[in-house]
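Trainee: Dropping a structure here in structure tokens format, bear with me for questions.
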Amino acid sequence: MLICRSWFSVAEDGENWSAGRRQLVCLARVLLQRRRILVLDEATASVDTTTDNVIQRMIREDKPLYGHHDGSSDTVIDHDLVLFLDDGKIVEYDALSQLLNDTSSAFSKLVNEFL
Numbered sequence: 001m002l003i004c005r006s007w008f009s010v011a012e013d014g015e016n017w018s019a020g021r022r023q024l025v026c027l028a029r030v031l032l033q034r035r036r037i038l039v040l041d042e043a044t045a046s047v048d049t050t051t052d053n054v055i056q057r058m059i060r061e062d063k064p065l066y067g068h069h070d071g072s073s074d075t076v077i078d079h080d081l082v083l084f085l086d087d088g089k090i091v092e093y094d095a096l097s098q099l100l101n102d103t104s105s106a107f108s109k110l111v112n113e114f115l
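Going by full-length UniProt numbering, the first residue of the sequence shown is number 1, and it counts up by one from there.
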């Protein structure tokens, strides 16, 4: 197995690493702590699709209470419950299926804007 030497050479604040690599290290640190609650803000925005899929699968298998801010609708459909915020205030909180089926739901309207 060939190990890339640049993985072990870290400048201050990880300046010599890509945003994706820094993101992976931060996410790995959190996942290894096996916290029961995760709140992530676009935690996989700088990684490739394959890596994102692996991370999402790991989170699903560990089953923590998982909250995140993400512009991707792909990851939202993996969740049982949705807490929808607008300007820092809770607008809706319900099962994903309920919110999607409710045509008056702010969450449903937002999803339909992007479909």
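Cβ coordinates follow ideal geometry from the N, Cα and C atoms, glycine included. Nothing here was measured: the structure is a model prediction, and the numbers come from that model.
1. How long is the line joining the alpha carbons of Thr103 and Asn53, rounded to whole angstroms?
2. Less than 7 Å between the beta carbons of Val82 and Leu99, yes or no?
3. From Phe84 to Asn112, what distance separates their C-alpha atoms?
4. So, helix, strand or coil for Leu115, using DSSP?
5. To the nearest angstrom, how far is the alpha carbon of Phe114 from that of Ala19?
Mentor: Based on what the coordinates show:
1. 30 Å
2. yes
3. 15 Å
4. coil
5. 27 Å
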